[in-house]
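Scroll down for the structure; my scribbles are underneath it.
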Amino acid sequence: MAKRKKIVFVLPDFTSGGAERVMSFVAQNVSKHNFEVSLWAAGFKKNTTYNLDGLDVTYFNKDRVLKAIPCFFNSIRKTKPDIVISSIGHVNTVMGFLSLLFPKTKFVGRVSNVISVRSNYLNDNEKTFFSRLPLSRFGYKFLDIILCQSRDMFDDMKLNYNIPDAKLKIINNPISDGFKFNDREWKKGDTIKFITVARLKKQKGHERIVNVLSKLDLNYKYTIIGDGPEKEPLFDKIKAYGIEDKVIHIPFTKNVAEYLQKSDFFLQGSYVEGFPNSLIESCAVGTPVIAFKAPGGLNEIIENGINGLISNDETEYLENIHKAVSEIQWNLKKVSESVNIKFNKETIIKNYEDFFNSI
0 MAKRKKIVFV
10 LPDFTSGGAE
20 RVMSFVAQNV
30 SKHNFEVSLW
40 AAGFKKNTTY
50 NLDGLDVTYF
60 NKDRVLKAIP
70 CFFNSIRKTK
80 PDIVISSIGH
90 VNTVMGFLSL
100 LFPKTKFVGR
110 VSNVISVRSN
120 YLNDNEKTFF
130 SRLPLSRFGY
140 KFLDIILCQS
150 RDMFDDMKLN
160 YNIPDAKLKI
170 INNPISDGFK
180 FNDREWKKGD
190 TIKFITVARL
200 KKQKGHERIV
210 NVLSKLDLNY
220 KYTIIGDGPE
230 KEPLFDKIKA
240 YGIEDKVIHI
250 PFTKNVAEYL
260 QKSDFFLQGS
270 YVEGFPNSLI
280 ESCAVGTPVI
290 AFKAPGGLNE
300 IIENGINGLI
310 SNDETEYLEN
320 IHKAVSEIQW
330 NLKKVSESVN
340 IKFNKETIIK
350 NYEDFFNSI
């Protein structure tokens, strides 16, 4: 029997977030016959929101990634993994520098956004020690492979970070378990139900969705699932527009699929994305998407008029809402099939397994 490859997944923590969801999902689903999998978190177990049952998880109980560097170093030296795969920018930077000390281990940095664009939309709490210094460009150069979720990310790393093609690999995000199509049909109701699932931060662009909805002359309800630093200014704006009775806020829920299934349209406001999990999950359950044009995989997911509509600005976004509600007879089964054929669990997990076997 061939020796199993030892793989370690490294993150700041396993709180709610796209990178955390994908990394834990991949760790749970790759073949345990071929791979020995561990997860390391700089932070605390109490912050974990994902089910990690059956996985070997180590928490270093540090409140900052910077403080966990000695723990990462000692653990790599002790366990001698074949592959270390990290995600989130400052962790990737740390692993890039640590890779210089462990030449026998392959270090993979999974990029979670189009970095050069996202830097324009950071909240203050996202500006880490590493983001304030020109370290990331050097750190990324030392990684063996940089894993991108979309072509936009690939191009960004190549053009803005001068990473050669040979060190770049694209693997899209998978559709998580539980996001299934329930064989429903599109029917316009008396009240149109909109939904957005995203952390409340500048990058996600909730405020421009609210700008559009304030001008919408339809009967609607808008459910926002997520929490974050932009909550207060966002709801101040909602109140100023006088639409607070139309907005439902749910800071956190484990029943996202159920809310998506009960909604008519998913509203995407992001200025930049990585490869938006909530968007493909919405399509997976058959709920079409109305989005702003933005870098980060949207053009690989949204098929205009089939599973959604892409808008260049707020004026067109408003027009697209009216078009989606009144002009298009959506085939919700095709909405689901449009993403399931490309991003299903089996296909994406096999891509990861083939990738791990190739390095």
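Oh and the sequence shown: position 347 is 346 in numbering that gives the first Met the number 0, straight run, nothing missing. Built from N, CA and C at the ideal position, the CB exists for glycine as well.
- Task: Mind the definition here: the region 100 to 114 touches the region 142 to 150 only if three or more C-beta pairs lie below 8 Å; say whether that holds.
- Result: yes
- Taking C-alpha atoms, which residue in VAL324, VAL211 and ASP353 lies nearest to TYR316? VAL211
- Query: Mind checking ALA26: buried by the 16 CB within 10 Å criterion, or exposed?
  - Reply: buried
- Can you list, in chain order, the stretches of the alpha helix (DSSP H) that have 4 or more residues and sit fully within the region 217 to 265? 230 to 240 and 255 to 260
- Any idea if LYS2 is buried or exposed, counting beta-carbon neighbours within 10 angstroms, 16 or more meaning buried? exposed
- With a CB to CB cut of under 7 Å and the five nearest residues on each side skipped, what residues in its chain are close to GLU326? none
- Task: Grab the span of the alpha helix (DSSP H) containing GLU336 for me, first residue to last.
- Result: 331 to 342
- Entirely within the region 73 to 158 and at least 3 residues each: give me those beta strand (DSSP E) ranges in chain order. 82 to 86, 105 to 109 and 144 to 147
- Query: DSSP on VAL29, reduced to helix/strand/coil?
  - Reply: coil
- Roughly how many angstroms separate the alpha carbons of LEU100 and ALA41, rounded to a whole number? 19 Å
- Query: CB-CB under 6 Å to VAL116, same chain, minus the five flanking residues each way: which ones, in chain order?
  - Reply: VAL271 and PRO294
- Item | For VAL7 and THR57, the rounded distance between their alpha carbons | 10 Å
- Item | Buried/exposed call for HIS205, threshold 16 Cβ in 10 Å | buried
- Message: Per the DSSP calculation, LEU167 is bridged to which residue(s)?
- Response: ILE145
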